[in-house]
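Residues in the sequence shown are numbered consecutively from 188, following this note's numbering.
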Amino acid sequence: MPVGNTWLAGAYNVFGMLLFYGVTQGIGRRLNALSAQSQQMVLGDYSTTLPEQGNDEITVFTRTLNTLSAALRERIHQLELSQQRLQESEQRFKTLFDMAPLPLTVSDRAGRVIAANRAVTETFGLNVSELIGKRTDEIRFWASSIERKRIWTMY
Numbered sequence: 188m189p190v191g192n193t194w195l196a197g198a199y200n201v202f203g204m205l206l207f208y209g210v211t212q213g214i215g216r217r218l219n220a221l222s223a224q225s226q227q228m229v230l231g232d233y234s235t236t237l238p239e240q241g242n243d244e245i246t247v248f249t250r251t252l253n254t255l256s257a258a259l260r261e262r263i264h265q266l267e268l269s270q271q272r273l274q275e276s277e278q279r280f281k282t283l284f285d286m287a288p289l290p291l292t293v294s295d296r297a298g299r300v301i302a303a304n305r306a307v308t309e310t311f312g313l314n315v316s317e318l319i320g321k322r323t324d325e326i327r328f329w330a331s332s333i334e335r336k337r338i339w340t341m342y
């Protein structure tokens, strides 16, 4: 083999190895970034968005992770807003319940008091702690047991 061809073959080999190294390093960096983003998502951090480079399988997977991450961020935001609205609604109900001039209680299905407003304590002279957990037939709310049964069968 002539010396020029040997040198050219060696140059091609070196060029091929450098090209292979460059391509695998680029793919490796992209795969490492995808792996890191996946790990962040597992930990609940959906804020990272990776750049989408090219149109290969790694880009398709990157786009999928970015889309999933964005959807989860939006869902979490919606849940946080819903939770805030629920808390505000509960606070309004609590204020109305506590400030109502009529004695009001909330009972579970077994008839045990789970909440009572201020008018109950003022009307019957009992502390809320004395009412919670007791059935309404154990407390002197009703003038007659027949009236209590009639009301309870309606609801």
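Idealized CB from N, CA, C, for every residue including glycine.
Quantities reported herein were computed from a predicted structural model and do not represent experimental measurements.
In angstroms, rounded to a whole number, what distance separates the CA positions of serine 332 and glutamate 267?
As a first step, residue 332 must be located in the sequence shown, where it is residue number 145. As a first step, residue 267 must be located in the sequence shown, where it is residue number 80. Cα to Cα, the separation comes out at about 46 Å.
Counting C-beta neighbours from all protein chains within 10 Å, is the total for asparagine 219 16 or more, i.e. buried, or is it exposed?
Taking the first residue of the sequence shown as position 1, residue 219 is located at position 32. With fewer than 16 other Cβ atoms within 10 Å, it is exposed.
Alpha carbon to alpha carbon, what distance is there between glutamine 265 and arginine 272?
Within the sequence shown, residue 272 is the residue found at index 85, counting from 1. Within the sequence shown, residue 265 is the residue found at index 78, counting from 1. Taking the straight line from one Cα to the other gives about 11 Å.
Would you kindly check if the distance between the Cβ of leucine 252 and the Cβ of leucine 230 is under 9 Å?
The sequence position of residue 230 within the sequence shown is 43, counting from 1. The sequence position of residue 252 within the sequence shown is 65, counting from 1. Not in contact: leucine 230 and leucine 252 (Cβ atoms no closer than 9 Å).
Decide if serine 256 is buried, meaning its Cβ has at least 16 other Cβ atoms within 10 Å, or exposed.
As a working mapping, residue 256 is identified with position 69 in the sequence shown. So serine 256 counts as buried.
What are the boundary residues of the beta strand (DSSP E) that includes alanine 303?
Walking along the sequence shown from the start, residue 303 turns up at place 116. 300-303 is the span of the beta strand (DSSP E), which, as asked, contains alanine 303.
Quick check: the Cα distance between proline 238 and arginine 260, rounded to an integer number of angstroms?
As a first step, residue 238 must be located in the sequence shown, where it is residue number 51. As a first step, residue 260 must be located in the sequence shown, where it is residue number 73. Roughly 18 Å between the two C-alpha positions.
Can you pull the DSSP bridge partners for valine 293?
Translated into positions along the sequence shown, residue 293 becomes position 106. Ala302, per the DSSP bridge assignment.
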